[in-house]
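Protein chains: 2
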Amino acid sequence: MGRWQPDARNRFRQAAVELFDEQGFEDTTVVQIAERAGLTKRTFFRHYADKREVLFEGSARLQELMVTALVGAPDGATPLEAVVAAVHASAAYFLQDRDAVRRRHAVVTSTPELQERERVKLATLTAALADALRGRGVPEPTATLAAESGVTVFRLAFDAWATRADPPPLTVLADELFTALRGVAAPG
Amino acid sequence: MGRWQPDARNRFRQAAVELFDEQGFEDTTVVQIAERAGLTKRTFFRHYADKREVLFEGSARLQELMVTALVGAPDGATPLEAVVAAVHASAAYFLQDRDAVRRRHAVVTSTPELQERERVKLATLTAALADALRGRGVPEPTATLAAESGVTVFRLAFDAWATRADPPPLTVLADELFTALRGVAAPG
DNA sequence: AGGTCTGATGTCACCTGGTGACATGACGGT
DNA sequence: ACCGTCATGTCACCAGGTGACATCAGACCT
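Residue numbers (the working numbering), protein chains in the order written: chain A, 1 to 188; chain B, 189 to 376.
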């Protein structure tokens, strides 16, 4: 393992978040980030595949959290119930540094380029959840549809949670959306 | 109105599709496309915001088609039924030039950059459908959830249709997925 | 202590996507 | 014949991203 590694990533992330806050994502160059971090452009691209990735370091851990919860759901749970468990588990991830989460969300939603990347991460998450469902014996297309539905609810709930002034817990918002979804699919 | 306009776009699209087929998307430069089209790089970027857009000219018309169908759905239709009508309407769009559709699909699915863009187009489509649903008096979050569900089904159905050797009609694939979706949301 | 090896970083040159400013030239209208 | 318009061409430039090679701090060994 590296000797300089951990600090480099931290410095890059710190510098990037500051600059994106100050001048926006598009008006910040990678050279600026590297300068503030005391490193070089080339080194930045050794740590991150591209300029956007510096804002998405956490997504792997979030995905892991949700997959673990889904795998650990009770045997009797329906596919959608297992997905609900995964979405509930995600709430824990956002509790630690609420303001940082909201600042990041503001930058992402105001930059199309970053929204694109977020969609990609959510697509990866969807695939991982669907895979975990298949691991529980859920057949296609049920697995994919349940995963897609769950991630959609997750995204809408998270958006509301990060946008509203004084939001209810993420789990509550998600539950409301799951209920609404059942209403949509099975009309009354 | 322009005098050179229509031919320029056609030549660009033709040249681009050929080159993407021959060498792949990433190994094709805009200069190459422009050369084969008998025009210049600068002119390419006057017609398309970026290199990818040349492959997504049709998405606006597809969206229009689906929104129109949704708006025209019977008054008594539930939100999801209206969305089903939109998805059914999309089938007509793909019937004309099947092979071209499949070639394009192959290029897009093999290039992450293009998948990203496709997701963006689908997100735009989702927003348009949700808007049309609200226009029918459907409240939130039902409108958004119905639109999201519909676009998910559309995407999965289209993928299957474009991938399989001898696929059933797109409408049939979509109906199967809608049925499965009802099963997911309202467990039995 | 001294030597070597490893791996993260720095340097440099380069390519490509994308844009702004300005020139050109064909065509329609007068 | 003249003029204005508008698509196109030319040119210079910037930023993201990459490959090749140099450097240098520390780990490990003797």
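Even for Gly, the Cβ is constructed at its ideal location relative to N, Cα and C. The model shown is predicted, which means the values in this text are computed figures rather than measured ones.
Nearest to Ala225/B (by Cα), restricted to the options Asp195/B, Phe244/B and Asp215/B: Start at 1 with the first residue of the second sequence, and residue 225/B comes out as number 37. Nearest Cα to Ala225/B within the set Asp195/B, Phe244/B and Asp215/B: Asp195/B.
Assign Gln284/B to one of three DSSP states: helix, strand, or coil. As a first step, residue 284/B is located in the second sequence; it is residue number 96 there, counting from the start. Shown here, Gln284/B sits in coil according to DSSP, grouped into three states, outside any helix or strand.
Helix, strand or coil for Gly201/A, going by three-state DSSP, please let me know. Past the boundaries of the shown model lies residue 201/A; chain A is included only from 1 to 188, so the question cannot be answered.
First and last residue of the uninterrupted alpha helix (DSSP H) at Ser59/A: For the purposes of this step, residue 59/A is taken as the residue at position 59 of the first sequence. Here the alpha helix (DSSP H) through Ser59/A covers Ser59 to Val71.
Does the contact criterion of 3 or more C-beta pairs under 8 angstroms hold for the region 10-17 of chain A versus the region 31-51 of chain A? Yes, the region 10-17 of chain A is in contact with the region 31-51 of chain A.
Can you tell me whether DSSP reads Phe12/A as helix, strand or coil? Within the first sequence, the letter at position 12 stands for residue 12/A. Helix at Phe12/A.
Quick one: is Thr179/A near chain B, going by C-beta distance under 7 angstroms? Reading the first sequence from its first residue, position 179 is the one you call residue 179/A. Not one chain B Cβ lies under 7 angstroms of Thr179/A.
Let me see if you follow: with CB-CB separation under 7 angstroms, is Arg201/B close to chain A or not? Counting from one through the second sequence, the residue named residue 201/B turns up at place 13. So, not an interface residue.
Spatial neighbours of Arg240/B within its chain, please: C-beta separation below 7 angstroms, excluding the five flanking residues on both sides. Stepping through the second sequence from its first residue, residue 240/B is reached at position 52. Same-chain partners within the cutoff: Glu301, Leu302 and Arg305.
Range of the contiguous alpha helix (DSSP H) that encloses Gly135/A: Translated into positions along the first sequence, residue 135/A becomes position 135. Per DSSP, Gly135/A belongs to the alpha helix (DSSP H) from Pro112 to Gly135.
Kindly indicate which three-state DSSP category Gly150/A falls into: helix, strand or coil? Your numbering for residue 150/A matches position 150 in the first sequence. Gly150/A: helix per DSSP, three-state reduction.
Residues near Thr124/A by beta carbon distance below 8 angstroms, same chain, minus five either side: The residue labelled residue 124/A in the question sits at position 124 within the first sequence. The residues are Ser59 and Gln63.
Cβ closer than 9 angstroms: which chain B residues qualify as neighbours of Val120/A? Indexing the first sequence from 1 puts residue 120/A at position 120. Result: Pro300, Gln303, Glu304 and Arg307.
Whole-angstrom Cβ separation of Val339/B and Leu317/B, contact assumed at under 8 angstroms? Position 151 of the second sequence holds residue 339/B. Position 129 of the second sequence holds residue 317/B. Contact check for Val339/B and Leu317/B: beta-carbon distance about 7 angstroms, within the 8 angstroms limit, so the pair qualifies.
Pick helix, strand or coil for Ala225/B, following the three-state DSSP scheme. Indexing the second sequence from 1 puts residue 225/B at position 37. Ala225/B: helix per DSSP, three-state reduction.
Three-state class that DSSP yields for Met1/A in the structure shown: For the purposes of this step, residue 1/A is identified with residue 1 of the first sequence, where counting begins at 1. Note on Met1/A: pLDDT 45, under 50, position unreliable in the model; the coordinate value appears next. Reduced to three states, the DSSP call for Met1/A is coil.
For Glu18/A, name the three-state secondary structure that DSSP assigns. For the purposes of this step, residue 18/A is taken as the residue at position 18 of the first sequence. Three-state result, Glu18/A: helix.
Is Thr332/B helix, strand or coil by DSSP? For the purposes of this step, residue 332/B is taken as the residue at position 144 of the second sequence. Helix, per DSSP.
Report, in whole angstroms, the separation of the C-beta atoms of Tyr93/A and Leu122/A, which I expect to be a contact under 8 angstroms. To locate residue 93/A, count along the first sequence from 1; it is residue 93. To locate residue 122/A, count along the first sequence from 1; it is residue 122. Contact doesn't hold; Cβ gap of about 14 angstroms is too wide.
Helix or strand or just coil, what does DSSP make of Arg343/B? Indexing the second sequence from 1 puts residue 343/B at position 155. DSSP places Arg343/B in helix when its eight states are reduced to three.
Give the C-beta separation of Ala132/A and Val84/A to the nearest angstrom, bearing in mind that I take them to be a contact with Cβ-Cβ under 8 angstroms. Residue numbering aside, residue 132/A sits at position 132 when the first sequence is read from its first letter. Residue numbering aside, residue 84/A sits at position 84 when the first sequence is read from its first letter. Not really, about 14 angstroms apart at Cβ, beyond 8 angstroms.
At the 7 angstroms Cβ level, is Thr68/A part of the contact set with chain B, yes or no? Reading the first sequence from its first residue, position 68 is the one you call residue 68/A. It does not: the Cβ of Thr68/A has no partner Cβ on chain B nearer than 7 angstroms.
Residues near Trp161/A by beta carbon distance below 7 angstroms, same chain, minus five either side: Translated into the one-based positions of the first sequence, residue 161/A becomes position 161. Within the same chain, Pro167, Leu170 and Leu173 come within 7 angstroms of Trp161/A by CB-CB distance, once the 5 residues on both sides are set aside.
Would Val219/B be called buried (16 or more neighbouring beta carbons within 10 Å of its own) or exposed? Walking along the second sequence from the start, residue 219/B turns up at place 31. Val219/B is classed as exposed because its beta carbon has fewer than 16 other beta carbons within 10 Å across all chains shown.
Between Arg197/B, Ala331/B and Ala353/B, which lies nearest to Glu269/B when the distance is taken from Cα to Cα? The residue given as residue 269/B occupies position 81 in the second sequence. When only C-alpha atoms are compared, the closest one is Ala331/B.
If you compare alpha carbons, which of Lys229/B, Phe346/B and Ala277/B is closest to Ala257/B? For the purposes of this step, residue 257/B is taken as the residue at position 69 of the second sequence. For the residues Lys229/B, Phe346/B and Ala277/B, the minimum Cα distance to Ala257/B belongs to Ala277/B.
Going by alpha carbons, who is nearest to Pro79/A out of Ala186/A, Arg182/A and Val138/A? Indexing the first sequence from 1 puts residue 79/A at position 79. Per the Cα distances, Val138/A.
Could you tell me the alpha carbon to alpha carbon distance between Met1/A and Lys41/A, rounded to whole angstroms? Residue numbering aside, residue 1/A sits at position 1 when the first sequence is read from its first letter. Residue numbering aside, residue 41/A sits at position 41 when the first sequence is read from its first letter. Bear in mind that the predicted position of Met1/A carries a pLDDT of just 45, short of 50, making it too unreliable to give a figure here.
Please state whether DSSP places Pro356/B in a helix, a strand or coil. The residue you call residue 356/B lines up with position 168 of the second sequence. In the structure shown, Pro356/B sits in coil (DSSP, three-state: anything other than H, G, I, E or B).
Using the C-alpha atoms, what's the distance from Leu156/A back to Phe342/B? Counting from 1 along the second sequence, the entry for residue 342/B is found at position 154. Counting from 1 along the first sequence, the entry for residue 156/A is found at position 156. Rounded to whole angstroms, Phe342/B to Leu156/A spans 20 angstroms at the Cα level.
For Thr142/A, which residues in chain B fall below 8 angstroms Cβ to Cβ? Position 142 of the first sequence holds residue 142/A. Per Cβ cutoff of 8 angstroms: Ala368, Gly371 and Val372.
Cα-Cα separation between Arg104/A and Arg98/A, rounded to whole angstroms: As a first step, residue 104/A must be located in the first sequence, where it is residue number 104. As a first step, residue 98/A must be located in the first sequence, where it is residue number 98. Roughly 10 angstroms between the two C-alpha positions.
In this structure, does DSSP put Glu241/B in helix, strand or coil? Within the second sequence, the letter at position 53 stands for residue 241/B. Helix, per DSSP.
Assign Val31/A to one of three DSSP states: helix, strand, or coil. By one-based count along the first sequence, residue 31/A stands at place 31. Note: Val31/A maps to helix in three-state DSSP.
Three-state secondary structure (DSSP) of Glu81/A: Here the question's residue 81/A lines up with position 81 in the first sequence. In the three-state scheme derived from DSSP, where H, G and I count as helix and E and B as strand, Glu81/A is classed as helix.
Is Met1/A close to chain B? Criterion is C-beta to C-beta, closer than 7 angstroms. For the purposes of this step, residue 1/A is identified with residue 1 of the first sequence, where counting begins at 1. Only weak support exists for where Met1/A lies, its pLDDT of 45 falling under 50; the value from the coordinates is given anyway. Met1/A does not count as touching chain B.
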